[in-house]
Each structure stands twice: as C-alpha cells, then as structure tokens.
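Numbering (my numbering), first residue to last: 1112 to 1285.
The structure is reproduced here in structure tokens:
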C-alpha cells in the first residue's frame, strides 16, 4: 500500500478527548553554550540498523559486511572549511578526548552538526561525548556534544619492501 487512502487521525482535536500537550520552554544545552568557542560543531551519535550498541553480537554476523566501522558524517560546508574530503581520516575531539574516524562528506547532516555511530569499541567514540544530563529526563546528552574536527594528514603507513626485506615508514596521507 502506498498510504494515499490513509486518514489523518488527529486534525483538529484528539479523538478520545484525553490528549494533553505539556509545553516546556526550550533552552540550549549548557554543553553547547559553554564550549562553542573552542568546539563549534555539535556531535550527535546514534545507531544503524545493522548493529546494536557496541556490536558485540551483531559484528559476529553477516551484518559486518553491511557496516564494518564507525564513520564521521560531515556537512560539505563544514568539510570545506576544514579541508576534509570523503575518505580522509579526521580527528574528532572535544575537551574530554579524541578519536580518529574516516570522514564522509554529505548533506545528510545539517551544517554545524557531525554524526557518527558507536558500534565499534575500538573507535571509542564515547571518549568525546559529554558528561552532562538532560534536566528533564536525566539522560546522558549523547546527542549534543561540543566537538571540533581536524584533518589528520601525513599519516605513517607501514609497508614491507620485498626487495630490501625491511619495513619502511612512508609518510603518506591515507
């Protein structure tokens, strides 16, 4: 079914008359307010369908062929300022820590927001997330962590030379 005949349930009122909406004033997270000068981007983390939490079980399945690493999504305008391209390795950092992730430049994220998953413990994404809690729910603010991203260049890549039978460190960008 394409949904064209689906009726809208609540157009003018709640059908059983018990619906209530409690309004709360919106205010910026203290995480953002206190850190926006040094960490102007907002990191939000979430899951992908192929994996659950730290993927301790799902990465043992064929799902690992669908998603095999955490990737940092970055808006094209934010990427341009930071001279980042899809496939680059970016240093994602905050006042709490840093991690290195492969970058994907995409307009699927809003300018000023970066996104990644937290399925692969080797990336330790939670090292950069905040310690604050939402005042209403007391949930950790994993969706609003002040961060910055920097291109990691001149990564050292280890290659084995068969001619010289020795390991050479080549100063190459990945």
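Even glycine gets a Cβ: it sits at the ideal position worked out from N, Cα and C.
Other residues of its chain near residue i: CB distance less than 8 Å, five sequence neighbours each side excluded
i	result
residue 1209	1202, 1203, 1238 and 1239
residue 1223	1151, 1152, 1153, 1186 and 1189
residue 1143	1153, 1255 and 1257
Continuous beta strand (DSSP E) stretch holding residue i: start and end
i	result
residue 1155	1152–1157
residue 1122	Unbroken run through residue 1122: none, as it is neither H nor E.
residue 1215	1209–1216
residue 1203	1200–1204
Assigned exposure category for residue i - 16 Cβ within 10 Å defines buried
i	result
residue 1226	buried
residue 1065	The first residue shown for the chain is 1112 and the last is 1285, placing residue 1065 beyond what the model contains.
residue 1248	exposed
residue 1120	exposed
residue 1273	Confidence at residue 1273 is low in this model, with a pLDDT of 45, below 50, so its placement is unreliable and no value can be given for it.
Residue range of the alpha helix (DSSP H) that includes residue i
i	result
residue 1191	1187–1192
Helix, strand or coil at residue i [DSSP, three-state]
i	result
residue 1143	helix
residue 1236	helix
residue 1263	coil
residue 1258	strand
residue 1220	coil
residue 1244	strand
residue 1228	strand
residue 1183	strand
residue 1114	coil
Anticipated Cβ contact below 8 Å, residue i with residue j, distance rounded
i	j	result
residue 1183	residue 1255	With 8 Å as the limit, residue 1183 and residue 1255 do not qualify as a contact, their Cβ atoms being about 16 Å apart.
residue 1214	residue 1197	6 Å
residue 1236	residue 1181	6 Å
residue 1157	residue 1217	About 15 Å; that fails the 8 Å criterion.
Same chain, Cβ closer than 6 Å to residue i, five either side skipped, listed in chain order
i	result
residue 1243	1142 and 1252
residue 1241	1142, 1252 and 1256
residue 1124	none
Residues near residue i in its chain [Cβ-Cβ closer than 7 Å; skip 5 each side]
i	result
residue 1262	1193, 1194, 1195, 1199 and 1201
residue 1136	none
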